[in-house]
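Numbering (this note's numbering), first residue to last: 65 to 521.
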């Protein structure tokens, strides 16, 4: 029997379900029935599938000569060595960047800090807590993140909300969600609007909050005139955050387009007390990461956000192997190099677990089918650390990856050699691919206007 569908369903169809006796709904991923015959655009409007940007972070860098085999020239193919062997199945979805440098122009190398700041802001910090410019995930969010419920979502697997690498500046560093239960409540709690209610009415509480914020931002203009330059910068960061909240509230005051079908992800269980007490043991980090990654991936697939940041382990590597006393960080300095192996065995083990975690993250993103491809195909994930070889705190040659094709804008499967060029070329290339209207990026020796054209489709 054949059923004829007179017109394509709209993107904002939703599935209804019951949860604890209450009606709940959720925007669906981009199913085939929403798409054109090629699986690349929305059938109802002809608009292309959205392209998303994410980051994935791990601490303590890589083990020299055991991570990725070096090349002399850029070209196709990446040879993953034993520490990063888990990434081999994803080789054709990844680009790897080697031999890109981080010139600091006379600034100190603030260990386990300068590396991530330079990589994400294009500027060297002048002291050990300075974030001198916005991280470029937020520059991308300013372009692609204004039409979703959340402009960005930040999550961290180590149980420390401050371990996040997204900031407008020194005084406006974002906090990460660290609890799967809290993340679930944030994504699918009472503020989630049912798009199928015929009698949709804006929530008076949200209307009031938006009104208060709008008034506050307007009244602030006079106040700003009377403060110094440093305070103006801090206030601008603060008001930027307020405007972001105001935009999010405005979206909740608009009736979503009808959506017939929606499945709410299963609510995570509260972790047992003993696991919470040992949250920074690697086994628990891996388990927390897996649950957070699945919730985050579904939020992205359902277009609740288009910019997202995931932290696997933090820049100080305060993670222990189950039953061990020394943290990853301490081991990088204290553990002896095994003369037969040529590396620090326990430190290497941590690096291997980090790459296994990155591979599992890519498994989750590539496991969500979207049109003719996957969620990973329609995303671009920047993965990196804050150091190259943690034992001596090197920041030149920090390992960097891009995963995903950004909806066809990026070619993958390449090993790119920087020949000492600034690492900012990678961030500049990402921003150009994501539509950020910039002609150059970075400061002093980090400034560049050269995209890495070998991977630009």
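Think of the CB as a built atom: it goes at the ideal place given N, C-alpha and C, for glycine as much as any other residue.
In this text the structure is predicted, and so the values were computed from the model without any measurement.
Here's the rule I'm using: 16 or more other beta-carbon atoms within 10 Å means buried, otherwise exposed. How should residue i be labelled?
i: residue 520; result: exposed
i: residue 434; result: buried
i: residue 153; result: exposed
i: residue 136; result: exposed
i: residue 456; result: exposed
i: residue 378; result: buried
i: residue 191; result: exposed
i: residue 405; result: exposed
i: residue 212; result: buried
i: residue 516; result: buried
i: residue 532; result: The structure shown does not extend to residue 532, since the chain spans only 65 to 521, so no value can be given for it.
i: residue 140; result: exposed
i: residue 129; result: exposed
i: residue 383; result: buried
i: residue 451; result: buried
i: residue 468; result: buried
i: residue 333; result: exposed
So the beta strand (DSSP E) residue i belongs to, where does it begin and stop?
i: residue 480; result: 478-481
i: residue 162; result: 158-162
i: residue 119; result: 116-121
i: residue 217; result: 217-220
i: residue 466; result: 464-467
i: residue 373; result: 371-375
If you follow the alpha helix (DSSP H) that residue i is in, where does it begin and where does it stop?
i: residue 132; result: Looking at the DSSP string, residue 132 is not in any alpha helix (DSSP H), and its letter there is neither H nor E.
i: residue 200; result: 200-208
i: residue 213; result: Residue 213 -> no alpha helix (DSSP H), and no H or E assigned at all.
i: residue 178; result: 178-185
i: residue 359; result: 346-365
Is there a C-beta anywhere in chain B that falls below 8 Å from the one on residue i?
i: residue 500; result: This model lacks chain B altogether; it includes just one protein chain.
So, at 8 Å on beta carbons, what are the nonlocal neighbours of residue i in its own chain, with the 5 sequence-adjacent residues on each side left out?
i: residue 410; result: 385, 388, 390, 395 and 399
i: residue 504; result: 492, 511, 512 and 513
i: residue 241; result: 217, 218, 219, 220, 225, 247, 250 and 356
Mapping the DSSP letters down to three states, classify residue i as helix, strand or coil.
i: residue 444; result: strand
i: residue 489; result: helix
i: residue 418; result: helix
i: residue 144; result: strand
i: residue 385; result: coil
i: residue 450; result: coil
i: residue 225; result: coil
i: residue 194; result: coil
i: residue 241; result: strand
i: residue 398; result: helix
i: residue 409; result: helix
i: residue 112; result: strand
i: residue 165; result: strand
i: residue 149; result: helix
i: residue 512; result: strand
i: residue 188; result: coil
i: residue 231; result: strand
i: residue 260; result: Its pLDDT being 41, under 50, residue 260 is placed unreliably by the model, and nothing is read from it.
Which residue or residues does DSSP assign as beta-bridge partners of residue i?
i: residue 433; result: 438
i: residue 474; result: 520
i: residue 139; result: 479
i: residue 104; result: BP columns for residue 104 are empty, so no partner.
i: residue 175; result: Beta-bridge pairing links residue 175 to no other residue.
i: residue 391; result: 384
i: residue 170; result: Answer is none; residue 170 lacks a bridge partner.
i: residue 125; result: 453
I'd like the list of long-range same chain contacts for residue i, defined as Cβ closer than 7 Å, with 5 residues on each side in sequence excluded.
i: residue 502; result: 495
i: residue 360; result: 217, 219, 372 and 374
i: residue 458; result: 451 and 452
Near residue i, which residues of its chain fall below 6 Å by C-beta distance, leaving aside the five closest residues on each side in sequence?
i: residue 479; result: 135, 142 and 160
i: residue 484; result: 165
i: residue 470; result: 115, 444 and 497
i: residue 345; result: 384 and 386
Using 7 Å as the cut-off, classify the Cβ of residue i as near or not near the heavy atoms of the ligand NAP, replying yes or no.
i: residue 507; result: Of the ligands one can find in the structure shown there are none, so the ligand NAP has no counterpart to examine.
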